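The structure under discussion appears below in the form of structure tokens.
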Amino acid sequence: MSINAIIAEYNPFHNGHLHQINSINSDYTVIIMSSSFTQRGTPAILNKFTRARLAIENGADLVLELPAVYCTSNAQIFSEGAVSILNSLGAIDNLCFGAEDTLQSIINLVDKTKTIDKNLLAINLSKGYSFIQAKQLSYPNISEEELLIMNKPNNILAIEYVKALNKFNSNIKPFSIPRKKVEHSSDLIVDGFASASTIRKLCYEEKFDKLKSLVPENTYLELKNNYINTSHEFFKIFKYKLMLGNINFSDYMDYELGLENRLYDNLDITDYDDYIDAISTKRYTKSRIRRLLIQITFDLKREFILESLYNSYIRVLAVNAKGTTILNKIKNNNINYITKFSETANLSEFTKEIIKKEILITNTYNMMSGAPLNQDFKNNPFIKM
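At position 39 of the sequence shown the residue is numbered 38 (numbering that gives the first Met the number 0), and the sequence of numbers has no breaks.
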């Protein structure tokens, strides 16, 4: 019995994701999925319960929650948070992920990026490179060809996944799947495949008929009937938080000295996307700025995020009949999981603090989209038998 895992956001679930699930030829497939906000720093296009259900209806067996404390952080924390949860299950055989290059090339780069020239890093940062770019240019013995490999979107996360598996001394094996048809952020549509960013753009423009060939039928219907752009509602909440003042910006992971001036100086801008455009530069990427806004809004501080890596919870969002076999195996390993946040009595105090943040973030997401509050207490996992 082989159990493979995929770390995903499904923002939204599209044909490329369906191809990935079908490609791994696993007896059982576990998904650990971002909750209400995503790693690029935006509210998810559909709520987490709907996205989990769509995954089960399209071939996944078990969907677990990746708490917002991880999925609103940089690629390293995103990966480590997901791997820490998967590793704690004691049941996963392989971690499957998309990559533009071979697994061996990814592993080679992990080995080559264990040490960094800190003096060179400081020099590269002074030249205006983003932190990620400066890091990549500061590894000794990295060729130009390897730099190109490191900069490909799927490879960036693939490298972090392998690093995270090593950090937690995991027995889970990495398994890479070639990217199908189109690149991660490409605008191309090829043979029914498009990137999630292209699909989101079609939603923003309300061109839902163009989605039909790019996503499974159930995803199409959900997007057509229930999609709401909540970014501008979030922007109002962030502005209110910023105007309250008394913020120690250095507490936040994606902050860098001087960024607070850009945040305040552009507060007269009324459009969320225009605000992000005004603040972002070559050094401060849009994703980093968007994540910083989320971290400030929900008070997700660096120390809290780092400590959470060793204190997370295991929560079931959706499951099918096969998935219950995985849950039984987890139980046999004396690992506790929860299905609703009313089941937290046996968790540590710090884990309860992580859950409080998740409840706040989910409620804020629901408030922005006009949905009922406290769904984390009321919603049972979607079960397909």
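Virtual Cβ for every residue (Gly too), placed ideally from N, Cα, C.
It should be emphasised that the depicted structure is a prediction, and the values quoted were computed from it without experimental measurement.
Is residue i helix, strand or coil by DSSP?
i                 : result
phenylalanine 167 : coil
threonine 343     : coil
tyrosine 254      : coil
asparagine 378    : coil
glutamate 204     : coil
valine 214        : coil
leucine 119       : helix
threonine 114     : coil
aspartate 298     : coil
threonine 127     : Here the sequence assigns glycine to residue 127, which means threonine is not the residue at that position. Here glycine 127 sits in coil by DSSP.
tyrosine 263      : helix
tyrosine 138      : coil
leucine 372       : coil
asparagine 10     : coil
threonine 71      : coil
isoleucine 293    : helix
asparagine 332    : coil
isoleucine 325    : helix
isoleucine 268    : coil
I need the straight-line Cα distance from residue i to residue j, nearest angstrom please.
i              : j                 : result
glutamate 99   : leucine 256       : 34 Å
arginine 301   : asparagine 3      : 31 Å
glutamate 159  : phenylalanine 167 : 12 Å
leucine 65     : glutamate 144     : 33 Å
alanine 344    : lysine 377        : 17 Å
valine 189     : serine 212        : 10 Å
serine 341     : leucine 210       : 38 Å
isoleucine 115 : lysine 134        : 7 Å
tyrosine 336   : histidine 13      : 28 Å
isoleucine 275 : serine 230        : 11 Å
aspartate 272  : phenylalanine 234 : 9 Å
asparagine 245 : isoleucine 31     : 35 Å
arginine 282   : glutamine 19      : 33 Å
isoleucine 293 : isoleucine 358    : 15 Å
serine 169     : serine 83         : 9 Å
serine 129     : isoleucine 122    : 12 Å
asparagine 140 : arginine 290      : 31 Å
leucine 120    : isoleucine 382    : 49 Å
threonine 280  : leucine 258       : 11 Å
proline 215    : methionine 384    : 20 Å
arginine 199   : glutamine 38      : 15 Å
leucine 266    : phenylalanine 237 : 10 Å
lysine 240     : phenylalanine 36  : 18 Å
leucine 164    : serine 347        : 24 Å
tyrosine 251   : alanine 74        : 15 Å
isoleucine 176 : leucine 146       : 20 Å
leucine 316    : proline 380       : 5 Å
leucine 17     : isoleucine 334    : 29 Å
Along the chain, where does the beta strand (DSSP E) containing residue i start, and where does it finish?
i                 : result
glycine 97        : 93–98
alanine 74        : Here alanine 74 belongs to no beta strand (DSSP E); instead the alpha helix (DSSP H) covers 74–88.
asparagine 319    : 315–319
serine 175        : 172–177
phenylalanine 381 : 381–383
Over what stretch of residues does the alpha helix (DSSP H) that includes residue i continue unbroken?
i                 : result
isoleucine 2      : It is not in any alpha helix (DSSP H) - isoleucine 2 instead sits in the beta strand (DSSP E) that spans 2–7.
glutamate 144     : 143–149
leucine 108       : 102–111
valine 62         : Counting along the chain, valine 62 falls outside any alpha helix (DSSP H), though it belongs to the beta strand (DSSP E) covering 61–65.
lysine 351        : 348–368
threonine 229     : First-last for threonine 229: undefined, no H or E at that position.
glycine 15        : 14–22
isoleucine 248    : The residue asked about is misnamed: residue 248 is phenylalanine in this sequence, not isoleucine. Element bounds for phenylalanine 248: n/a, residue is neither H nor E.
phenylalanine 303 : 301–307
threonine 284     : Segment: none, threonine 284 is in no alpha helix (DSSP H) and carries neither H nor E.
leucine 53        : 47–56
lysine 134        : 130–135
isoleucine 278    : 271–278
Going by the DSSP bridge assignment, what does residue i pair with across the sheet?
i              : result
proline 42     : Phe36
isoleucine 337 : Arg314
arginine 28    : Here residue 28 turns out to be threonine, not arginine, going by the sequence shown. Asn3.
valine 189     : Phe192
Does any CB atom of chain C fall closer than 8 Å to the CB of residue i?
i            : result
tyrosine 271 : In the structure shown, chain C cannot be found, because there is only a single protein chain.
The region 367–384 / the region 31–48 touching (three or more Cβ pairs under 8 Å) = yes
Mind the definition here: the region 330–341 touches the region 310–319 only if three or more C-beta pairs lie below 8 Å; say whether that holds.
-> yes
Between the region 85–92 and the region 319–337, do three or more beta carbon pairs fall short of 8 Å?
-> With a cut-off of 8 Å on Cβ pairs, the region 85–92 is in contact with the region 319–337, counting three or more such pairs.
Segment contact, 8 Å Cβ cut-off, at least three pairs: the region 315–323 with the region 54–62 = yes
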